[in-house]
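Enquirer: Protein chains in written order, with our numbering: chain A, 143 to 479; chain B, 143 to 479. What follows is a single structure, and I will ask about it in a moment.
Structure (structure tokens):
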């Protein structure tokens, strides 16, 4: 019998998650059945979408049940296989969740080639976040040469890919990030045209100055007060792919104003497109994504940064930090060597 | 010298326009120059977009200046021509505004064939409102057979065309209108699958019952409290073309709630598309529109209703009524025989 250390959802958070919303447990795993494999988790991805799964509301995916293992993508090693396509020692992309071991259907796994790219990239720039950036930007955002694109969380997994792909397409790219260190990284390492610190007291003025031609694409992956600064700058026919709302649009200080009328007026008068999406909608673009993104990384045109936290027991704190922008790069938890 | 009776913008309205916001004047017109024509207005179109032009705010078109003639599309007769393409007696589509006569560049006019269709249709079902319905519905709304479409102001110029075209495309069509008479017209004369009176106290419940499969397309041409009833019913991937906001989204009773966060959350979780548009964006579809729409009218598949008010002096009152839904069909002012 294999024991799995796991983190389960102990309680549904109200607002920000608390340590008491998570609980560490140990569970016995069944032996793998026909077609299944026993997996050891090497790396666990932490992503903003997980906050939504902690709520008991209708959304694009079912919520995590109370007492169930927190969901999440993983890079895992096959320990034991009853699936002819996989053997012990193989490294795979799985969705094992916040736990040290798991039994999974081999057909649901993607085998990774550790020689082609560091395996952690399957959770980031070559994984779901990178694909979210690629598909949402190219299908909905459609940046054209000379246009201005703005993206927030610009040092993060999605934002950094959005900005760099938009640069490849010839757009002027302005990143928003939290703090001078991240802004320097976005500008100097990722090659964005400008980087604005959303914590600056004159953030809105700085953003306006960095977008002298207005904004043609705003890739919305944060919500919150960034929207209020971006909104007045939209050009006619601006496109707004919406893939995430970390800050839940809880704009402090504006809670008593209904922003919907003004938003809809501008949607009309500037012919704006606001389009929500989940990456799985664009599954038929995955092959193009792997091909193009791998090439861009090899050419040094797309760079990425990972923020690796050690130990499953540190996942809750790292996740809570993610929601406050404390990570610096794609947040991954290392569970085993 | 020809004298033109005209209605000018006397003051910018706050909220609903008042009679004092308009002023009747008489002005001397210059003689037509080279390439120009002298026009007599036969019919003036009154449309919701004119309310926006009365405001001094940046929008998709410049505002009407204080003291300037109110803007508007017209069907006019050529009285005198210095343009070789037109001669006295020709009937043209013009943009002469709220006045009895005008001098215009002949190149900006479209000659109408009174034998092909009643000339007033050039202001409605075969004009800007009909084209707004056609282009917005087919390019953004994209109704598919078996889907559910909802449109408000369903007995009006845009809404009636939206619903009937969607029926031709095989959608289930639910119209929203004000009062039992309009609802009966929408259901019995236009052939919508259902018609809901937005004044009914249980309007939201009736709408829900009429959309058992949810809503796939909501053609937004009114704003206001209809949005709140429609919003909870959107299916995944619903499309929301936005072409007008008569009620300015001033939802009574909900003014203290910021509806933007909930809206953006649903945009994300249901992969909604909200897309504002002005019909001129789709100018390259005009030829297809004239061809298809003329055919549908001839076959009896698209019907229309006109509400014709007599006399330029009655235009302000008719326009104020339009903003409150008092018209029944495309509102047109007859200025001369």
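Note that CB positions come from ideal geometry on N, CA and C, so glycine has one too. Remember, predicted model here, so these are calculated numbers, not experimental data.
Kindly say whether residue 280 of chain A, judged by its beta-carbon, lies nearer than 8 Å to any beta-carbon of chain B.
Expert: With 8 Å as the cut-off, residue 280 of chain A does not count as an interface residue toward chain B.
Enquirer: Can a CB atom of chain B be found closer than 8 Å to the CB of residue 423 of chain A?
Expert: Closer than 8 Å: yes.
Enquirer: Enumerate in chain order the residues of its own chain whose CB-to-CB distance from residue 465 of chain A is below 8 Å, with the five nearest sequence positions on each side excluded.
Expert: So the qualifying residues of the chain are 158, 159, 190, 193, 388.
Enquirer: Taking its Cβ as the centre, do 16 or more other Cβ atoms sit within 10 Å of residue 449 of chain B, making it buried, or is it exposed?
Expert: It is buried - the Cβ of residue 449 of chain B has at least 16 other Cβ atoms within 10 Å.
Enquirer: Is it buried or exposed, residue 148 of chain A, if we count other Cβ atoms within 10 angstroms and call 16 or more buried?
Expert: Result: buried.
Enquirer: Please list, in chain order, the chain B residues whose beta carbon lies closer than 7 Å to that of residue 406 of chain A.
Expert: Simply 365, 384, 387, 391.
Enquirer: Taking 6 Å as the limit between beta carbons, can you name the residues of its chain near residue 146 of chain A, skipping five residues before and five after?
Expert: Contacts found: 169, 171, 241, 242, 243.
Enquirer: Return the chain-ordered ranges of every beta strand (DSSP E) run that is complete within the region 351–425 of chain B and spans a minimum of 3 residues.
Expert: Listed in chain order, they are 357–361, 376–384, 415–418.
Enquirer: Just verifying my parser: in three-state terms, what is the DSSP assignment at residue 493 of chain B?
Expert: The structure shown does not extend to residue 493 of chain B, since chain B is modelled only from 143 to 479, so the question has no answer here.
Enquirer: Using a cut-off of 7 Å between C-beta atoms, extract the partners of residue 470 of chain B located in chain A.
Expert: Simply none; closest approach about 25 Å.
Enquirer: State yes or no: is the C-beta of residue 364 of chain A within less than 8 Å of the C-beta of residue 308 of chain A?
Expert: For residue 364 of chain A and residue 308 of chain A, no; Cβs fall outside 8 Å.
Enquirer: Should residue 275 of chain A be counted as a contact of the ligand HEM given a C-beta to heavy atom distance under 7 Å?
Expert: Absence of the ligand HEM is noted for the structure shown, with no ligands found whatsoever.
Enquirer: Okay, do the region 263–283 of chain B and the region 244–251 of chain B touch, 3+ Cβ pairs below 8 Å being the bar?
Expert: Verdict: no, contact absent.
Enquirer: If you reduce the DSSP assignment to three classes, tell me which class residue 450 of chain B lands in.
Expert: Three-state DSSP puts residue 450 of chain B in a strand.
Enquirer: Going by DSSP, what residues sit across from residue 220 of chain B in a beta bridge?
Expert: DSSP, once it has assigned bridges, lists B/181 as partnering residue 220 of chain B.
Enquirer: Residues of chain A with CB closer than 7 Å to the CB of residue 402 of chain B, please, in chain order.
Expert: Residues of chain A passing the Cβ test: 391, 401, 402, 405.
Enquirer: Just grab the DSSP bridge partners of residue 247 of chain B for me.
Expert: Residue 247 of chain B is bridged to B/178.
Enquirer: Alpha carbons only, please: which of A/266, A/414, A/437, A/368 is nearest the one belonging to residue 470 of chain A?
Expert: Among A/266, A/414, A/437, A/368, the Cα nearest to that of residue 470 of chain A is on A/266.
Enquirer: Quick one, which of A/310, A/311, A/342, A/349 has its alpha-carbon nearest residue 317 of chain A's?
Expert: For residue 317 of chain A, the nearest C-alpha among the options comes from A/349.
Enquirer: Using beta-carbon positions only, say whether residue 315 of chain B and residue 334 of chain B come within less than 8 Å of one another.
Expert: Yes, the Cβ-Cβ distance between residue 315 of chain B and residue 334 of chain B is below 8 Å.
Enquirer: List, in chain order, every chain B residue whose beta-carbon is nearer than 9 Å to that of residue 417 of chain A.
Expert: Correct list: 409, 413, 414, 415, 416, 417.
Enquirer: Less than 7 Å between C-beta atoms, sequence neighbours within five positions excluded: which residues of the same chain meet that for residue 324 of chain B?
Expert: These residues qualify, in order along the chain: 297, 470.
Enquirer: Quick check on DSSP: helix, strand or coil for residue 255 of chain A?
Expert: The answer is coil: DSSP assigns residue 255 of chain A none of H, G, I, E or B.
Enquirer: Less than 8 Å between the CB atoms is what I'm expecting for residue 253 of chain A and residue 228 of chain A, so what's the real figure, rounded?
Expert: The Cβ separation is near 7 Å, so the contact holds.
Enquirer: Check the Cβ-Cβ distances between residue 420 of chain A and every residue of chain B, and say whether any is below 8 Å.
Expert: Yes, residue 420 of chain A counts as interfacial toward chain B.
Enquirer: Whole angstroms is fine: what's the gap from residue 304 of chain A's alpha carbon to residue 477 of chain A's?
Expert: Straight-line Cα distance between these residues: approximately 28 Å.
Enquirer: Give the DSSP bridge partners of residue 170 of chain B, in chain order.
Expert: In the DSSP output, where bridge partners are listed per residue, residue 170 of chain B has B/145.
Enquirer: DSSP beta-bridge partners for residue 337 of chain A?
Expert: Per DSSP, A/317.
Enquirer: What number of angstroms, rounded off, separates the C-alpha of residue 210 of chain A from the C-alpha of residue 264 of chain A?
Expert: Taking the straight line joining both Cα atoms gives about 25 Å.
Enquirer: Using the C-alpha atoms, what's the distance from residue 167 of chain B back to residue 231 of chain B?
Expert: Each residue's Cα considered, the two are about 26 Å apart.
Enquirer: Quick check: the Cα distance between residue 338 of chain B and residue 371 of chain B, rounded to an integer number of angstroms?
Expert: The alpha-carbon atoms of residue 338 of chain B and residue 371 of chain B are separated by roughly 11 Å.
Enquirer: Do three or more CB pairs link the region 404–424 of chain B to the region 409–428 of chain A at distances below 8 Å?
Expert: Flag = yes, the region 404–424 of chain B and the region 409–428 of chain A touch.
Enquirer: Is DSSP giving residue 282 of chain A helix, strand or coil here?
Expert: Here residue 282 of chain A sits in helix by DSSP.
Enquirer: Residue 312 of chain B to residue 287 of chain B, Cα distance in whole Å?
Expert: Roughly 4 Å separates the two Cα atoms.
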